[in-house]
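Chains as they are written, first to last, in the working numbering: chain F, 731 to 923; chain B, 731 to 923.
Accompanying notes for the structure given below.
2 protein chains.
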Amino acid sequence: MQDLLFDFISKYISLTEDEKKAIVSLDIFRSVKKGTTLLKEGEKSNDGYFVLKGCIRTYYIIDGEEKTTAFYTEMEGLTPHCVINKAPSEYYISCVEDTILTVTTPEMEAESFIKFPKFESLCRVLSEELLAKHQINFDEFKTSSPEQRYLNLLQKRPDLIQRVPQHQLASYLGIKPQSLSRLRARIIEKNKV
Amino acid sequence: MQDLLFDFISKYISLTEDEKKAIVSLDIFRSVKKGTTLLKEGEKSNDGYFVLKGCIRTYYIIDGEEKTTAFYTEMEGLTPHCVINKAPSEYYISCVEDTILTVTTPEMEAESFIKFPKFESLCRVLSEELLAKHQINFDEFKTSSPEQRYLNLLQKRPDLIQRVPQHQLASYLGIKPQSLSRLRARIIEKNKV
DNA sequence: TTCATTTTTTAACTTAAGTGAACGAAAACA
DNA sequence: TGTTTTCGTTCACTTAAGTTAAAAAATGAA
């Protein structure tokens, strides 16, 4: 289980046995059941998550409707906004599937950064990388239509379309569930002819 | 000019005179004329930018049309995707106004991180902060209509609407210039009644 | 398995964005 | 200065998304 994490880290830096032990001793690995809510709107929390296996999502409730804005699957991490700005959360986080993840706080990170400056370096690189990837994602979203976004997702993250309910995918694509359903029918119709 | 940068940094960490001198000696301050293109599609570059005064934008050319996806103004920084993944750039960067900015490379950063680990810490915090802010932005974009997005921009970045041409704003809002024009007319009409 | 609940699809209608074209105003250029 | 682009707006028309409602399908629990 923790090997999933170490394999991921090894793509960036090599860890000594001591360092691995230090990570394990933090006791950050958690197993959560599908449907579990990790964070609620209005709550304050210091927990950041990194998904080792499974899938979690962030969502808002706007006018009584759930709006799913992001999914995090294998080897994707999330530090909620409320952790960064120390304010109550604007959104919910919950498990789409049974999920294994790590849970860490800024305090734990700070402590480990002092012992192992390497870790802070790793975190800087990871978050810069993520930021750039994120920007590209946003750019693609802005410059394409809902239909193009769906086709794009079909290419880049076909797994998501399988593992996630349609109505959650719809808001992820910035549209209503009915529109997604119609859009898919339209695509199938096109491919038939 | 460099005081703008030091004032910004001082919100996060305090700098000794030595550290300030080290930054100044890197000779990273540049002044660029409106319209100057800093990066072209297809180019490889190692330059990251931080705007001290003025405004720059990133844009794609898709089917011969400019699509502006982001603006960076005072105290906002940008490390282009091509710097991170060492591939040719997918987009252009150019100056919306006469702009004063810093230009840095990963090599310069790496060097300074060795001399002053504080700097790496600062960069980690900044990019984590930016990432969280970015996510909220994207969430707002996904969960709102073009009209809401425009009204939201009017609240949060009224300066942008003044300093940036309409057709660039339109793609930033994910729509066509004609739609932005119509949408604005619609809003004015509503406020009249 | 059955029943209740949730999710997805379908349909009719409304609203708004995309498209193509035209026009005047402003800006850039020589 | 006049000329040429570029820019913003408007219009008519097309296309697609939002809305409301209902039916069909899938899921989960008893």
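Cβ atoms here follow ideal geometry from the backbone N, Cα and C, with glycine treated the same way.
Take the alpha-carbon of K872 (chain F) and the one of P888 (chain F): they are about 21 Å apart. Straight-line measurement puts the Cα of F846 (chain B) at about 45 Å from the Cα of G794 (chain B). Residue contact check for C785 (chain F) against chain B: no CB pair falls below 9 Å. R760 (chain B): member of the beta strand (DSSP E) spanning F759 to V762, first to last residue. A straight line joining the alpha-carbon of R787 (chain B) with that of C825 (chain B) spans about 6 Å. Proximity to K816 (chain F) across F:A862, F:T835 and F:E804 peaks at F:T835, based on C-alpha coordinates. For R787 (chain B), the enclosing beta strand (DSSP E) begins and ends at I786 to I792.
For secondary structure counted as the alpha helix (DSSP H) over 4 or more consecutive residues, the stretch 841-915 of chain F holds these complete runs in sequence order: 847-872, 876-886, 888-893 and 896-902.
F:T803 is the residue among F:S857, F:T803 and F:L808 whose C-alpha sits nearest the C-alpha of V894 (chain F).
Within the stretch 845-864 of chain F, the residues whose Cβ lies closer than 7 Å to any Cβ of chain B are, in chain order, P847, E850, S851, C853, R854, S857, E858, E859, L860, L861, A862 and H864.
Rounded to the nearest whole angstrom, the C-alpha separation of D748 (chain B) and E806 (chain B) is 25 Å. In summary, R854 (chain B) is buried, with 16 or more beta-carbon neighbours lying within 10 Å of its beta-carbon over all protein chains present. With a cutoff of 9 Å on beta-carbon distance, L831 (chain F) and L782 (chain F) are scored as near each other. Chain-ordered, the chain F residues with CB closer than 9 Å to the CB of T873 (chain B) read Y790, I792, K797, T799, S901 and G904. Judged by beta-carbon spacing, L861 (chain B) lies beyond the 9 Å limit of L890 (chain F), meaning their Cβ atoms are not closer than that value.
One thing to note: F736 (chain F) has its Cβ within 9 Å of the Cβ of K750 (chain F).
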